[in-house]
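Residue numbering for the sequence shown is 1 to 258, as defined by the working numbering.
Glycine included, C-beta positions come from ideal geometry on N, C-alpha and C.
Take a look at the structure set out below.
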Amino acid sequence: MPLAADTAPPSFRPIAPDAAGAPLYRVVKRSLLQAIEAGRYPAGGALPSEAELSAALGVSIGTLRHAVDELVAEHILVRRQGRGTYVAMHNTDRFLFQFFHVERSDGLREAPKVELVAFERVRAEPEVAAVLGIKAGDPAIQVDNRLLLQGRAVIHDRLTLPAPLFKGLTEKRFKERPSTIYHLYQTEFGITVTRAQERARAVAADRNAARILGVPQGMPVMQVLRTALTFGDKPVEHRLSTINTTQHDYVHLLSRPA
């Protein structure tokens, strides 16, 4: 039986199985995502219990768990033994596991030390604008970072962000963030990076990358273009990474859904 109106979790209504138009657990998953995206359950916040959610949505516990399982696998939710299910926070561990793929050739993996090289407000170039879904010339924020591993400059990141999504972001605020960049997006601007699309190729280091990484201009390096996506696969960040692979590899664990 559904919960009474005064006890049901907010923003959830019973789902009519014959009106779903998709497997029922996927409709439940979509409903949970919409509530999280709308900020009704903020990052780090707990979801109602399985019993409350299944009753409010009018579905079985098994259907609800199937939806939650997928969101846990996608790092949107996290289960805490004996405590419940929470909206996942971006932190260093998640960054290393999901979004950082560079490690030393002997397998040593660690969080990089990030040095801010430049922070400026720019007009989006056509290629970047197309990726971000904005118009060429729209206001953007461009950030250059140098990432050090084992005390050695290994990566040059150039981030471009649509300025309207990051109102109030200053160089000081960016530099003094207490955790990862994606944690800053999530906690300060309500933007949760859920996944990223990447393209990689070999290039010759240009003058700027050579200066930041301390390598000869023209030296072969790896270049990775990343588009960070939030809910609904909306692009929120364009990132161009130039990687010195002399002593480091780009390692990505591939898996197939169960």
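Take Val-224, set aside five residues on each side of it, and the residues of its chain with a beta-carbon closer than 6 angstroms to its own are Glu-198, Ala-200, Ser-241, in chain order.
Close CB contacts of Met-219 within its chain, under the 6 angstroms cut and outside five residues either way in sequence, are with Ala-205 (chain order). With contacts defined by Cβ atoms closer than 8 angstroms, Ser-105 and His-248 form a contacting pair. Contact check for Arg-94 against Thr-85 fails: the beta carbons are separated by 8 angstroms or more.
Taking each of Ile-61, Leu-57, Val-193 in turn and checking the Cα distance to Ala-88, the smallest one comes out for Val-193. If you compare the alpha carbons of Glu-103, Gln-98, Leu-33 with that of Asp-69, the shortest gap goes to Leu-33.
Taking a C-beta distance under 8 angstroms as the contact criterion, Leu-161 and Ile-134 do not qualify as a contact pair.
For Lys-172, the enclosing alpha helix (DSSP H) starts and ends at 171-175.
Taking the Cβ atoms as the reference, Ile-212 lies roughly 11 angstroms from Val-154, outside the contact range of under 8 angstroms. In the three-state reduction of the DSSP assignment, Gly-62 falls in the helix class.
Taking 8 angstroms as the upper bound for CB-CB distance, Leu-149 and Val-102 are in contact here, some 7 angstroms apart.
Rounded to whole angstroms, the Cβ separation of Pro-139 and Arg-123 is 7 angstroms, and the two are in contact under 8 angstroms.
Restricting attention to alpha helix (DSSP H) runs no shorter than 4 residues, the segment 178-212 encloses them at 181-189, ordered along the chain. Around the beta carbon of Gln-186, 16 or more other beta carbons sit within 10 angstroms, so the residue counts as buried.
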